[in-house]
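> Numbering (the numbering used here), first residue to last: 21 to 166.
Just so it is clear, CB atoms sit at the ideal spot from N, CA and C, and this is done for glycine as well.
All of these numbers come straight from a predicted model, not from anything done at the bench.
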C-alpha cells in the first residue's frame with residue numbers, strides 16, 4: 021500500500037509540474053514572415069511542427085523561427101495561409117518534460133495574415149511623409165531672334 025501511495029504522489033507531482041509548465045509562459049511575442057515548412061510529426065505523439073522564414077529586407081539572408089502548434093484550429097489556419105505573409109503570436113515554455121507536446125519551446129497560439137496594406141499603414145503612422153517637391157516645368161527654348 022505504501023508503494024502505491026509513493027507512486028501516486030510521484031505521478032501527481034509530475035502531472036502538476038507539466039500542467040504548470042504548459043500553462044505559464046516564460047515569454048510571449050510575435051514574429052512575422054512566411055511559413056516555409058509545416059507538418060504533423062512523431063511516432064507516438066503527433067505534433068504540428070513548423071518553420072517560419074523571416075525576411076527583414078529583400079536580398080538579405082532569412083532567419084528561421086522553428087515553432088510547435090498544439091491547437092488544431094491554429095494548425096488549420098496555418099495550413100490555409102501557406103504562401104502568405106503571416107504574423108504568429110507565440111508563447112515560450114521552458115522545461116516541458118517531454119516532446120509529446122512539441123519539439124520546440126515556442127508554441128504558436130494565434131495566426132494573422134498580414135496584408136501589404138497593413139504594413140504600409142503602420143509605416144505611414146510611424147513616420148510622417150514629406151510633402152512632394154513641386155515639379156519644375158521644363159525650360160522653353162529661347163525665342164528665335166528677329
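1. For residue 47, does the count of other Cβ atoms within 10 angstroms reach 16, so buried, or fall short, so exposed?
2. Find the nearest neighbour of residue 87 within the set 124, 130 and 22, judged by alpha-carbon distance.
3. Pop quiz: residue 121 and residue 42 are said to be a contact at Cβ under 8 Å. What is the actual Cβ separation, rounded to whole angstroms?
4. Taking only three categories from DSSP, how would you classify residue 81?
5. Using the three-state DSSP reduction, which class does residue 100 fall into: helix, strand or coil?
6. How about residue 74 and residue 53: are their beta carbons less than 8 Å apart?
7. Under the three-state reduction of DSSP, which class applies to residue 25: helix, strand or coil?
8. Run through DSSP, which three-state label would residue 76 get?
If we stick to the structure as given:
1. So residue 47 counts as exposed.
2. Nearest C-alpha to residue 87 among 124, 130 and 22: 124.
3. Beta-carbon to beta-carbon, residue 121 and residue 42 are separated by about 6 Å, close enough to satisfy the 8 Å threshold.
4. Judged by DSSP in its simplified three-state form, residue 81 adopts coil rather than helix or strand.
5. Helix.
6. Contact flag set, yes.
7. Correct three-state label for residue 25: helix.
8. Reduced to three states, the DSSP call for residue 76 is coil.
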